[in-house]
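Residue numbers (the numbering used here): 33 to 104. Cβ atoms here follow ideal geometry from the backbone N, Cα and C, with glycine treated the same way. Please read all numbers here as calculations on a predicted model, not as lab measurements. Heads up, the thing below is written out as structure tokens.
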């Protein structure tokens, strides 16, 4: 019975410690992303610092990539 209790407590402790690790990674909100969001709302800032919308990827170096064609 004690072994079962220890196993349950260990599993609960592991779940509590793993919860923050499973949380979504925080996205950086750079000045570039804020500027692009003002022009084209609805996108997200990627971990690489790119601003990504449903159909376009805005790169910090000024390039714009259309996601449907891959062209610039």
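{"Asked": "Where residue 88 sits in the DSSP three-state scheme", "Found": "strand"}
{"Asked": "Beta-bridge pairing of residue 77 - partner residues as DSSP gives them", "Found": "83"}
{"Asked": "Between the CA atoms of residue 91 and residue 77 - distance to the nearest angstrom", "Found": "10 Å"}
{"Asked": "Integer-rounded CB distance, given that residue 72 should sit under 8 Å from residue 62", "Found": "With a Cβ gap of about 15 Å, residue 62 and residue 72 do not count as contacting."}
{"Asked": "Proximity below 7 Å, CB of residue 69 to CB of residue 87", "Found": "no"}
{"Asked": "Cβ-based neighbour list, residue 65, same chain, cut-off 6 Å, excluding 5 preceding and 5 following", "Found": "77 and 83"}
{"Asked": "Start-to-end residues for the alpha helix (DSSP H) that takes in residue 95", "Found": "Counting along the chain, residue 95 falls outside any alpha helix (DSSP H), and DSSP gives it neither H nor E."}
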